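Residue numbers (UniProt numbering): 1 to 273.
Don't be surprised by glycine CBs; every beta carbon is placed ideally from N, CA and C.
Being a predicted model, the structure only gives us computed values, none of them experimental.
In structure tokens:
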């Protein structure tokens, strides 16, 4: 992590972070209309970069740690950090799109796993469980709790469905840098780890595999894939601790609007500041 110490944010800084997060939310919503069989992830990447810049923001990943792209696009057995390519998406694929943006000096960092056409029922279930686990983790981000409470909630729920919870990759603090303290694993024990403090801003991001939790990195130095070749899902939200409660800075509303999905999953955590 770039900072060992947790950096709580003021109400004004949290409001700015929400603007950055919403740039990413809107970008994912725009991409939701484009994800279909035949499109390449390179094309999605180009669309995202142009769209982010149109919103007076800067792509958050491009150039960071020498990242060559605006999006990280992880298809099927790719867990995270997949680099965009000219390979067309096919019917039945899934693609996790992770996107970052910088606006007014703060990062937004947000991910959604999209279905490409009709996907297999077991894959659809993996996506549903992974997304549910994200909100179970968010629920634990409250006054009096610790990092392990989030990890426990996600791990317990996903493993009860027989899925593998990735260990090597974690959520993180978020702010003027993409990766701040603390690390937020998707596994853990209740009551362990750093205590949550008012004004904390973090990215919670379950990365859950249909099979084994074991992963490996490809020779491109970026893409992480499942060791057994089975699909993996990734969903991510930016969350602030406001008056002791978790409040979403990002939203899937734009994605759902594009896809015609009705959902009340975010209602409990809506940010009204």
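Taking the CA atoms as reference points, residue 165 sits about 7 Å from residue 187. Per DSSP, residue 268 lies in no beta strand (DSSP E) segment and is marked neither H nor E.
A contact is defined here as three or more CB-CB pairs under 8 Å, and the stretch 177-195 fails this definition with respect to the stretch 232-250. Residue state for residue 165 is assigned as strand, using DSSP reduced to three classes.
Unbroken beta strand (DSSP E) runs of no fewer than 3 residues, entirely contained in the stretch 167-230, are found at 171-173, 180-184, 201-204, 207-209, 215-217, 224-226, following chain order. In the DSSP assignment, residue 246 falls within the unbroken beta strand (DSSP E) covering 245-248. For residue 103, the enclosing beta strand (DSSP E) starts and ends at 94-103. Bounds of the beta strand (DSSP E) holding residue 108 are 106-115.
Burial of residue 182 is indicated by the presence of at least 16 other C-beta atoms within 10 angstroms of its C-beta.
Excluding its 5 nearest sequence neighbours in each direction, residue 211 has C-beta neighbours in its own chain below 7 Å: 164, 226, 228, 230, listed in chain order.
Taking 8 Å as the cut-off, the Cβ atoms of residue 146 and residue 196 count as close. The beta carbon of residue 91 sits closer than 7 Å to those of 37, 116, 117, 118, all from its chain and outside the five residues before and after it, given in chain order.
Contact between the stretch 255-267 and the stretch 154-162 is not established, with fewer than three Cβ pairs separated by less than 8 Å. Note that the stretch 240-260 touches the stretch 30-48; at least 3 beta-carbon pairs, one per stretch, sit closer than 8 Å. Residue 216 and residue 127 have their C-alpha atoms spaced approximately 21 Å apart. Assignment of residue 133 by DSSP, reduced to helix, strand and coil, places it in the helix class. The three-state reading of DSSP puts residue 24 in helix, counting H, G and I together. Under the DSSP assignment, residue 232 falls in the beta strand (DSSP E) whose first and last residues are 232-234. Annotation: the continuous beta strand (DSSP E) that includes residue 74 extends over 71-75. With the rule of 3 Cβ pairs closer than 8 Å, the stretch 125-145 does not count as touching the stretch 43-52.
Rounded to whole angstroms, the separation of the alpha carbons of residue 55 and residue 270 is 22 Å. Counting the other CB atoms within 10 Å of its CB gives residue 221 a total below 16, which places it among the exposed residues. Shown here for residue 148: same chain residues with a beta carbon closer than 7 Å to its own, the five before and five after excluded, namely 188, 189, 190, 191, 192, 193 in chain order. Taking C-beta atoms as the reference points, residue 205 and residue 236 count as a pair closer than 8 Å. Beta-bridge annotation (DSSP): residue 48 is not paired with any residue.
The stretch 9-20 makes no contact with the stretch 67-74: fewer than 3 CB pairs, one atom from each, lie closer than 8 Å.
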